[in-house]
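S.K.:
Protein chains in written order, with the numbering used here: chain A, 1 to 114; chain B, 1001 to 1112.
1. Taking only beta-carbon positions, decide if residue 11 of chain A is within less than 8 Å of chain B.
2. Would a check of beta-carbon distances place residue 58 of chain A closer than 8 Å to chain B?
3. Nearest to residue 1104 of chain B by alpha carbon, out of B/1033, B/1086, B/1027?
4. I want to see whether chain B comes within less than 8 Å of residue 55 of chain A, judged by CB atoms only; does it?
5. Quick one: is the Cβ of residue 66 of chain A within less than 7 Å of any heavy atom of the ligand MN?
6. When Cβ atoms are compared, which residues of the stretch 1080-1094 of chain B fall closer than 9 Å to chain A?
7. Across the stretch 100-108 of chain A and the stretch 1005-1023 of chain B, are there enough close Cβ pairs to call them in contact, namely three or more that are closer than 8 Å?
8. Where does residue 1073 of chain B sit, in a helix, a strand or coil, going by DSSP?
9. Hey, out of B/1013, B/1111, B/1023, whose CA is closest to residue 1071 of chain B's CA?
10. For a contact meaning CB atoms closer than 7 Å, what does residue 1099 of chain B contact in chain A?
11. Would DSSP call residue 1111 of chain B helix, strand or coil?
12. Within the same chain, show all residues whose beta-carbon is closer than 6 Å to that of residue 96 of chain A, passing over the 5 residues directly before and after it, in chain order.
13. With distances taken from CA atoms, which of B/1051, B/1084, B/1095 is nearest residue 1106 of chain B?
14. What distance in whole Å lies between the Cβ atoms of residue 35 of chain A and residue 46 of chain A, which are believed to be in contact at a cut-off of 8 Å?
15. Which partner residues does residue 10 of chain A have in the DSSP bridge list?
16. May I ask you to report which of helix, strand or coil DSSP gives residue 1065 of chain B?
17. Would a C-beta distance cut-off of 8 Å place residue 1044 of chain B and residue 43 of chain A closer than the cut-off?
18. How should residue 112 of chain A be labelled, buried or exposed, when 16 other C-beta atoms within 10 angstroms of its C-beta is the threshold for buried?
Printed below as a string of structure tokens:
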């Protein structure tokens, strides 16, 4: 069964460093998303991406964050100058065509900023 | 501010019973409604989605939607200990690429 894969599963970084979280969406999906979940809190939307551009972003997704689809399979989230409060699970998700809004999530990357 | 509200629980049911999970949402423009299951430390797993008023059944799961009341529910029949997890309600505008707005989830515990 097709699935969304994310790497790494766990990333520890020092405050102020840059991190790149990687995702391979389901191959025939067109829409890609990043969500985060701080421990004990709800899943929060960060950004959606379609046709090589951002289609929607939340207030959380400020200038510290960027997304990119560097090739035909990978989708990345870059966090510049990480802060302690960026520590969270980051989930990549993808969904299919224009009416297929069901989003399927990867297993997540646990980011710990120390 | 778009909100999705769920009772955090825990909801405790014995094995074989029906578990009923409820969710309300604030944005009347919401068109798509999803139930995800999340085991501790894992990612959300899609179990049901519903777009139209009424009931939708899939195996032991039934989703119910009432747009007039801005209410969506999930029934789990013949609950199993393996159903013990946090159930997340999520909604969006049913436009591709739009954000899913999640509730905080209801923790279900099924005792054997």
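Each residue gets a CB set at the ideal place from its N, CA and C atoms; glycine is no exception.
M.R.: So, to answer that:
1. No, residue 11 of chain A lies away from the interface with chain B (no Cβ there is under 8 Å from its Cβ).
2. Yes, residue 58 of chain A counts as interfacial toward chain B.
3. The alpha carbon of residue 1104 of chain B has as its nearest neighbour, out of B/1033, B/1086, B/1027, the alpha carbon of B/1086.
4. With a threshold of 8 Å between beta carbons, residue 55 of chain A makes contact with chain B.
5. Looking at this structure, you won't find the ligand MN or any other ligand, since it has none at all.
6. Across the stretch 1080-1094 of chain B, CB contacts with chain A closer than 9 Å involve 1088, 1090, 1092, 1093, 1094, in sequence order along the chain.
7. Cβ pair count under 8 Å is below three, so no.
8. Collapsing the DSSP output to three states places residue 1073 of chain B in a strand.
9. It is B/1023 whose Cα lies nearest to the Cα of residue 1071 of chain B.
10. Going along chain A in sequence order, the residues near residue 1099 of chain B (Cβ under 7 Å) are 45, 48, 56, 58.
11. Residue state for residue 1111 of chain B is assigned as strand, using DSSP reduced to three classes.
12. The answer, listed in chain order, is 29.
13. Of the candidates B/1051, B/1084, B/1095, the one whose C-alpha sits nearest the C-alpha of residue 1106 of chain B is B/1084.
14. That belief holds up - the Cβ atoms of residue 46 of chain A and residue 35 of chain A are roughly 6 Å apart, short of 8 Å.
15. Answer is A/110, bridged to residue 10 of chain A.
16. The answer is strand: DSSP assigns residue 1065 of chain B an E or B state.
17. When the beta-carbon positions are compared, residue 1044 of chain B and residue 43 of chain A come within less than 8 Å of each other.
18. Exposed is the call here.
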